[in-house]
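Undergrad:
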């Protein structure tokens, strides 16, 4: 056997030393290899080297790569390409095969193939350094190894407790001794906490303490390391308490004291407010209390024991039996609010039975009134309504109601028109009797007719508006509807009738008793208003006859006065060319006849409204003689409702003006708004009125002995005879009026 081997070696050596007679060029060799591939004689892959002078099989390349990895432990693919002389592309392809063939021993990371033996040696080095420094940051290790921190962490986690004696936490590697040391610090700090604490603050304190102990060279300990140690200690039962949201720690000693405090207060007072629990650090007081006291009742601001319901239930039952009332807040603790009272009343059996049996009611949130008490107050308030109706009524005449009363009257207006002449003959004497002399701008002397004659010397001076002033203040705040009692009026009357409300308010510490009276007044006001309207409706029906009679008389007086006013207005046309005299005559007529008509109309409309509102008034037989001041007219006009008030104010403004036409226009509008009808003066009525007026003046001239009073009557009589006009002239316009007369042969007296 050895001889054969030696022979073969000799032949091989001689073959190598023998010189070939045929030499192939590199090109021929390449072509030859390609031909062999084409003929499938060479049936395996061949890879060119970088130099292009050698071929290598993939198996050989992988073999050389594995040898290099075993030798170095960690080698980059670029270095392998340089070592093997093969292009990087082929090295990368074969690297995947190499790692997949040995997945437990090799890994391909970031263009490097690293063996597990390499990591073992690195772990041993890290362990040696860790034992020297007590802690090492993973970031530092990763920077030294030029790899990622995640790779280092995964490598170390697999070797902790074996090659590496330490604990990995929060990016730091610690020795067991250091972990024990810090764990003891965490245990001591946690046991020293007796109130709810945010652990982040506690970890910050421990970090400062460790830095002070380790000096400037110490590595900062992460909060996650403290938290991990804390969680382990809590799990093992070495520290007692509850952890919420991961960082809010409540020690057991605090929770125990908290529960004892709540139990003590609740057992002594039968209630506890949610604010109290908030101050004790209980963030969800309702849930906390319901879990401890299943029988308790959660209110809006407090938690009550059923015994408090029993106490309030007894007080409410007593108040209802006595036909009285009770403020539940006076029985409940002072910290309870009205909403708490309302909710706790809903649990009282006496309240529920009273509501079902119609024996009582809850007003507001906390007031319980018996029906007997409310009925008594209501009956007494109804009596007060009679006083309110009589004294508080504003005298407003509602145009809508006015038209209702006028309907029957308006139907008969057409039949009355045929009797005008006869009525004017009977009443012409009195209607034309208000001839007056304006001695100056401030005084007016009225002259009386035969129908209502008085002694001339007893005639009183009628002071002008500037001298009389406003003797009566009739200005009132008025609703557009019926005069309705306000809440304030009702509360004031209830307080007057039942002074106990004010005493109760003082006991409850309320500055204003309206807090108690408000709910009762709000409940009673609709009933009182309904009662008031019913009474007014009844009284309106009862007074309908009086109102109709009043309106009939007003229509008659207004017909007579307005026809006379039109008659006097025609005489003003004679002086339109003399502005100064015309202004004096217009002003005189406005102050005398026009003012009388306006005052009569205002007075009668006011009386009508009082009758409509249930106020008994006696009709004045001489309403045409009533004289009002400017302020009184304005107050009455403002008291009228809606558009009627605007029309009345226009009349007042016209009386203060300078033209009779403006007054006549505003008077027509007011009468139309009130449902009254104003007759227009025609030729026939004018002749009748002038004839009656002439006879009246003739009689007055014959009977008059005072020259001062005689002159204006004579002038008026002459104007009827000469001009066929009824002139009303004041004293200072007499001379102008006389100068314009042209007396003919027929002017006899």
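Numbering (UniProt numbering), first residue to last: 1 to 749.
No residue lacks a Cβ here, since even glycine has one placed at the ideal position from N, Cα and C.
Being a predicted model, the structure only gives us computed values, none of them experimental.
So is the beta-carbon of residue 722 under 7 angstroms away from any non-hydrogen atom of the ligand FAD?
TA: The model depicted lacks the ligand FAD and carries no ligand whatsoever.
Undergrad: Find the nearest neighbour of residue 575 within the set 488, 313, 740 and 516, judged by alpha-carbon distance.
TA: 740
Undergrad: Using 10 angstroms around the beta-carbon of residue 40, count the other beta-carbons present and answer buried if the total reaches 16, otherwise exposed.
TA: exposed
Undergrad: Thinking residue 106 and residue 83 are a contact (beta carbons under 8 angstroms), I'd like their distance in whole angstroms, please.
TA: 17 angstroms between Cβ atoms; not a contact.
Undergrad: Could you tell me which residues DSSP puts in a beta bridge with residue 172?
TA: 137 and 169
Undergrad: In whole angstroms, what separates the C-alpha of residue 700 from that of residue 569?
TA: 22 angstroms
Undergrad: Identify whether residue 75 lies in helix, strand or coil by the three-state DSSP scheme.
TA: strand
Undergrad: Under 8 angstroms, do residue 80 and residue 91 count as touching if we go by C-beta distance?
TA: yes
Undergrad: If we ignore side chains and look at the alpha-carbon of each, how far apart do residue 723 and residue 698 end up?
TA: 16 angstroms
Undergrad: Measure from the alpha carbon of residue 626 to the alpha carbon of each residue in 639, 607 and 167, then state which is nearest.
TA: 607
Undergrad: Quick test of the definition: if touching needs 3 or more C-beta pairs under 8 angstroms, does the stretch 300-309 touch the stretch 266-277?
TA: yes
Undergrad: Grouping DSSP H, G and I as helix and E and B as strand, with all else coil, what is residue 478?
TA: The pLDDT assigned to residue 478 is 38, lower than 50, so where the model puts this residue is not dependable; a value taken from the coordinates is nonetheless given after this. Note: residue 478 maps to coil in three-state DSSP.
Undergrad: For residue 88 versus residue 72, is the C-beta distance shorter than 8 angstroms?
TA: no
Undergrad: I need the straight-line Cα distance from residue 520 to residue 526, nearest angstrom please.
TA: Distance between the alpha carbons of residue 520 and residue 526 is about 11 angstroms.
Undergrad: At what residues does the alpha helix (DSSP H) containing residue 311 begin and finish?
TA: Element bounds for residue 311: 306-321.
Undergrad: Report yes or no: do the stretch 360-379 and the stretch 289-305 share at least 3 C-beta pairs separated by less than 8 angstroms?
TA: no
Undergrad: By the three-class DSSP mapping on this structure, what secondary structure does residue 241 have?
TA: The answer is strand: DSSP assigns residue 241 an E or B state.
Undergrad: For residue 138, I'd like the list of residues in its chain whose CB is within less than 8 angstroms of its CB, leaving aside the five on either flank, ordered along the chain.
TA: 149, 152, 153, 156, 168, 171, 172 and 173
Undergrad: For residue 142, which residues from the same chain have a beta carbon less than 7 angstroms from its beta carbon, with the 5 sequence-adjacent residues on both sides left out?
TA: The residues are 148, 149 and 152.
Undergrad: If I measure Cβ to Cβ from residue 736 and keep anything under 6 angstroms in the same chain, skipping five residues before and after, which residues do I get?
TA: 581
Undergrad: What residues in its chain sit with their C-beta under 8 angstroms from that of residue 711, if we drop five residues either side in the sequence?
TA: Hits under 8 angstroms: 734.
Undergrad: Let me know the secondary structure DSSP gives residue 293 once reduced to three states.
TA: coil
Undergrad: With the cut-off set at 8 angstroms, would you say residue 565 and residue 529 are in Cβ contact?
TA: No, these two residues do not count as a Cβ contact at 8 angstroms.
Undergrad: Decide if residue 11 is buried, meaning its Cβ has at least 16 other Cβ atoms within 10 Å, or exposed.
TA: exposed
Undergrad: Please state whether DSSP places residue 577 in a helix, a strand or coil.
TA: In this structure, residue 577 counts as coil in the three-state DSSP scheme.
Undergrad: Tell me whether residue 198 sits in a helix, a strand or coil according to DSSP, three-state version.
TA: strand
Undergrad: How many angstroms separate the CA atom of residue 705 from the CA atom of residue 537?
TA: 57 angstroms
Undergrad: Please state whether the Cβ-Cβ distance between residue 637 and residue 649 is less than 8 angstroms.
TA: yes
Undergrad: DSSP on residue 586, reduced to helix/strand/coil?
TA: If DSSP states are grouped into helix, strand and coil, residue 586 belongs with the helices.
Undergrad: For residue 741, which three-state DSSP category applies?
TA: coil
Undergrad: If the criterion is Cβ atoms closer than 8 angstroms, does the pair residue 209 and residue 227 meet it?
TA: no
Undergrad: Considering only C-alpha positions, which residue in the set 730, 535, 629 and 583 is nearest to residue 660?
TA: 583
Undergrad: Terminal residues of the continuous alpha helix (DSSP H) containing residue 277?
TA: Segment 274-279, the alpha helix (DSSP H) holding residue 277.
Undergrad: From what residue to what residue does the alpha helix (DSSP H) around residue 712 run?
TA: 707-722
Undergrad: Assign residue 106 to one of three DSSP states: helix, strand, or coil.
TA: strand
Undergrad: Straight-line CA distance for residue 493 to residue 522?
TA: 13 angstroms
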